[in-house]
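Structure first, then comments.
In my numbering, the protein residues as written are 8 to 227.
This is the structure in structure tokens:
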């Protein structure tokens, strides 16, 4: 069922980490994402550095965008407005349906069907339940990883989320020290959320044009 994810080679692209459009099998129109034409909301003191896009409903994009202070929640839609960031982190559940939806979003971007200006930074995966991920899911995850140049960040199962209101969650900002592993969710983000946020902002800093403002300086 997953035989047409991509051609198994990475050609030279004009954009780092991106395939040439004609080497990718694009998702059918009914499986493509909607487009958000309005600017992303600015809920903090600075405009968002990146958007979290759910590959499917229930992907955890809203929680992730709240956890990461530099992020904005773009729902299921591609952010098309150049007035706010068009850097995207795709979010999906770590299961076969979630990974299939994530592959659709990534192939859509590689095929040139996302709005002009969109750049995909990577994929963040959240669990559907506690415990070990099945082998079939792990195998397919390795295939999908090639679509994001191995930039995949996995978030663990956090039982406390079941009884914690979104507004109570602590937030990550760049240059925060690593949190205590015993901290509750209202006083610090989990360490895996901190590590993913650090990796994402480092990826932005490493790939941004030299005319961009300093990433860490934006959030001092």
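The C-beta atom is built at its ideal place from N, Cα and C for all residues, glycine as well.
Supposed contact pair residue 131 and residue 95 - C-beta distance, whole angstroms, cut 8 Å:
The count along the chain shown starts at 1 and reaches residue 95 at position 88. The count along the chain shown starts at 1 and reaches residue 131 at position 124. Residue 131 and residue 95 do not touch by the CB rule: their CB atoms are close to 11 Å apart, not below 8 Å.
Leaving out the 5 sequence neighbours to the left and right, which residues in its chain are closer than 7 Å to residue 108 when beta-carbon positions are compared?
Along the chain shown, one-based indexing puts residue 108 at 101. For residue 108, where only same-chain residues beyond five positions count, the Cβ hits under 7 Å are 62, 63 and 99.
From residue 33 to residue 91, what distance separates their C-alpha atoms?
Taking the chain shown and counting its residues from 1, the one referred to as residue 33 is at position 26. Taking the chain shown and counting its residues from 1, the one referred to as residue 91 is at position 84. Approximately 26 Å between the Cα atoms of the pair.
Of the choices 35, 166, 43 and 189, whose alpha-carbon is the least far from that of residue 124?
Against the chain shown, residue 124 aligns to sequence position 117. Among 35, 166, 43 and 189, the Cα nearest to that of residue 124 is on 43.
For residue 126: DSSP bridge partner residues:
Position 119 of the chain shown, counted from the start, is the residue given in the question as residue 126. Its beta-bridge partners are 94.
According to the neighbour-count rule (16 or more other Cβ atoms, all chains shown, within 10 Å of its Cβ), is residue 115 buried or exposed?
The residue you call residue 115 lines up with position 108 of the chain shown. The residue is buried, with at least 16 neighbouring Cβ atoms inside 10 Å.
Hey, quick one: how far does the beta strand (DSSP E) through residue 78 stretch, first residue to last?
Translated into the one-based positions of the chain shown, residue 78 becomes position 71. That run of the beta strand (DSSP E) goes 78-80.
Cα separation between residue 169 and residue 58?
Here the question's residue 169 lines up with position 162 in the chain shown. Here the question's residue 58 lines up with position 51 in the chain shown. Distance between the alpha carbons of residue 169 and residue 58: 24 Å.
Going by CA-CA distance only, name the one from 149, 79, 93 and 80 that's closest to residue 101.
Mapped onto the chain shown, residue 101 falls at position 94. Closest option to residue 101, Cα to Cα, is 149.
When we look at the beta-carbon of residue 191 and count the other beta-carbons within 10 Å, is it buried (16 or more) or exposed?
In the chain shown, counting from the first residue as 1, residue 191 sits at position 184. Exposed.
Quickly, what does DSSP pair residue 100 with across the bridge? List them, please.
Here residue 100 corresponds to residue number 93 of the chain shown, with the count starting at 1. Answer is 133.
Can you tell me where the beta strand (DSSP E) with residue 60 in it begins and where it stops?
Within the chain shown, the letter at position 53 stands for residue 60. DSSP places residue 60 inside the beta strand (DSSP E), whose first and last residues are 57-61.
Could you spell out where the alpha helix (DSSP H) holding residue 74 opens and where it closes?
Reading the chain shown from its first residue, position 67 is the one you call residue 74. Residues 68-74.
Name the DSSP beta bridge partners of residue 179, please?
Mapped onto the chain shown, residue 179 falls at position 172. Paired residue(s): 75.
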